[in-house]
Amino acid sequence: MVEARGVQRVNLPTIGWFCQAVRGKISDLKPDTPLGPISIDTRTIRERDTFCALTADRDGHDFVPEAFKRGAKAAIVESEWMNSEIAKPFRNQLIGVDDTLTALRIAAQAWRNTLTMPIIAITGTNGKTSTKDLTLRLLSLRYKVAGTQGNLNNEIGLPLTILSIGSDCGAAVVELGASHIGDIQNLCEICQPTHGLVTSIGKAHLQGFGNLAAVAQAKGELYGFLSEQSTAFVPTDDELVRKQAKRNPKKVGYGFQLPPADWDGEYHRGVNLNFDALGRAHFTFDGEELEVGIPGRPAALAALAAVTIAVSMGIAKGDCVKTLVEWKGVPGRGWVEQIGGVVLLDDCYNANPGSMRAALETLSLLSGEKKLAILGDMNELGSFAEAEHRTLGRELGLFGVQRGIFLGSFARIAAQEARQGGVEAFAFETYEELDKRLQNLAADFSAILVKGSRGMRMERVVDKLKQVLA
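In this text, residue positions in the sequence shown follow our numbering: the first is 1279, and each later residue adds one.
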């Protein structure tokens, strides 16, 4: 067993470079072998990936044999484990470190220090993934880009993202998630952003944060990390975000309203915002007519943010037109499809009070008179949970929903409030109960919204609807 030394500069991290950065050890692996792609899940590992055995709810070391069975070229493991009986058949393919998660972080920070391109970090209660995805698409019109895949936005996903960024990229966009104060600061220390955007501040993860003020403080850590030369992109229509960016000297604002009287930065305004029969936004940006391929106000805000970032980085606004029209998002995040004459709005990936309200507004924008909302619990609201679910029930009537179907522990509370507002409402504690009646309850509607927190697995409802509506 030898320690890797003398590794030269490379476009992507090699196994030798990784070992040098984290003081790891290898046996028969060649130092110049590419390190990545790195996988932490044997269910999705591909041939020639490097498996990283993290120790969380389940010990990743137990899955090392399966990783090699599926074609992994190497595995990052803790040094003590390398002497175990289960490790014997693979010892010439192992990279030993003191702690696998710590090693990922150290390596990501070291790799970031070699990168010279702009790195744009995006966080926020709502809209961060859509904004990140669209920003990547727009920047790719001019640059070779890299960034967060899906929502790998935590202390595990971010290092994996950073280690996948080639030194030949012209720009990178990373997403930062948080459920406690200090999370964003920690992630910023890894990715060291040159630009930052907080898309919104609202009620989410209150079980961890405690209150809205703590959410604002946590999200504001991104702006606080930026240097005086770094650019803070700011949605000026959001007062809480605006306050967090007050001390940043270099600001670029955007919004659909006039900037506040005390705004002291550059500003881009979207004007003449309107929505067509499918809820898709149309607006004018610095004289350019833009159309967004995804329905709803959240998509319009994401588009305005992404175009603002793109233009500030040298993309011609006219070049953004085609990309915005063709942007369809991904299933589970405002995805729209027509099935058997019904418009299905699949926004099932996650939910909090603000995103629920926005989704109901989007449903109201869709053509047709009969609207159905199928809503799962909003998780991680702590002591605010009952009050927020009561508010949710009351809001259905305000957005013209004819029938509400609620699923989860707070379903009865929300349904009770909806009925008091004149909405026909049904409550189910379990999906199995709902499944038996879904076909009848979802019949004869022009548009259907499905949304709920990740833990509610509302994609089951979407899949069932696709069967019964076809």
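Using N, Cα and C, we set each Cβ at its ideal position, and we do this for glycine too.
Item                                                                                                                                                                                     : Value
Taking only the alpha-carbon atoms, compute the straight-line gap between Leu1441 and Ile1398 and give it to the nearest angstrom.                                                       : 16 Å
Give me, in chain order, the residues of the same chain whose beta-carbon lies closer than 6 Å to that of Ala1381; leave out the 5 immediate sequence neighbours on both sides.          : Val1300 and Val1375
Return the residue from the list Ser1418, Lys1497 and Leu1430 that minimises the CA-CA distance to Ile1459.                                                                              : Lys1497
For Ala1692, which residues of its own chain have a beta-carbon under 6 Å away from its beta-carbon, when the five flanking residues on both sides are left out?                         : His1667, Leu1670, Gly1671 and Phe1684
State the Cα-Cα distance for the pair Pro1756 and Gly1596, rounded to the nearest angstrom.                                                                                              : Residue 1756 lies beyond the residue range present for the chain, which begins at 1279 and ends at 1748; the question has no answer from this structure.
Count the other CB atoms within 10 Å of the CB of Gly1618; is the residue buried (16 or more) or exposed (fewer)?                                                                        : exposed
CA-CA distance, Val1452 and Ala1689?                                                                                                                                                     : 35 Å
Give every residue of the same chain whose Cβ lies closer than 8 Å to the Cβ of Val1603, excluding the five residues on either side of it in the sequence, and list them in chain order. : Glu1569, Val1570 and Gly1571
Report buried or exposed for Thr1562, applying the criterion of at least 16 other Cβ atoms within 10 angstroms of its Cβ.                                                                : exposed
Residues bridged to His1560 by DSSP?                                                                                                                                                     : Asn1552 and Glu1569
Only counting the same chain, and skipping five residues up and downstream in sequence, which positions put a Cβ closer than 7 Å to that of Asn1289?                                     : Gly1444, Ser1445 and Asp1446
Taking all protein chains shown into account, decide if Leu1367 is buried (16 or more other Cβ within 10 angstroms of its Cβ) or exposed.                                                : The question names Leu, but residue 1367 is Pro in the sequence shown. Exposed.
State the Cα-Cα distance for the pair Phe1346 and Thr1333, rounded to the nearest angstrom.                                                                                              : 18 Å
Ends of the beta strand (DSSP E) at Arg1735?                                                                                                                                             : Neither: Arg1735 is in no beta strand (DSSP E) and is coded neither H nor E.
With distances taken from CA atoms, which of Lys1481, Val1728 and Thr1477 is nearest Leu1641?                                                                                            : Val1728
How many angstroms separate the CA atom of Ala1748 from the CA atom of Phe1329?                                                                                                          : 41 Å
For Gln1522, count neighbouring C-beta atoms within 10 Å of its own C-beta (all shown protein chains included) and say buried if the count is 16 or more, exposed if not.                : buried
Taking the CB atoms as reference points, tell me whether Gly1699 and Gly1675 lie closer together than 7 Å.                                                                               : yes
For Gly1448, which of helix, strand or coil comes out of DSSP?                                                                                                                           : coil
DSSP three-state call for Thr1669: helix, strand or coil?                                                                                                                                : helix
Would you call the region 1497-1509 and the region 1468-1478 in contact, with 3 or more CB pairs under 8 Å?                                                                              : yes
For Thr1330, which three-state DSSP category applies?                                                                                                                                    : Before going on, a small fix: residue 1330 reads as Cys here, not Thr. The answer is strand: DSSP assigns Cys1330 an E or B state.
Output the distance between the C-alpha atoms of Gly1548 and Ser1687, rounded to the nearest integer angstrom.                                                                           : 40 Å
Trp1613 lies in the beta strand (DSSP E); which residues open and close that run?                                                                                                        : Trp1613 to Ile1617
Output the boundary residues of the alpha helix (DSSP H) element that contains Gly1682.                                                                                                  : That residue, Gly1682, is in no alpha helix (DSSP H); its beta strand (DSSP E) goes Arg1681 to Leu1685.
Pull the bridge partners of Glu1658 from the DSSP assignment, please.                                                                                                                    : BP columns for Glu1658 are empty, so no partner.
Is it buried or exposed, Gln1286, if we count other Cβ atoms within 10 angstroms and call 16 or more buried?                                                                             : Confidence is the limiting factor: at Gln1286 the pLDDT is only 34, short of 50, which leaves the residue's position unreliable, though a coordinate-based value still follows. By the neighbour-count rule (16 or more Cβ atoms within 10 Å), Gln1286 is not buried but exposed.
Taking Gly1402 and Ser1478 to be in contact with their CB atoms under 8 Å, please state how far apart those CB atoms are, rounded to whole angstroms.                                    : 5 Å
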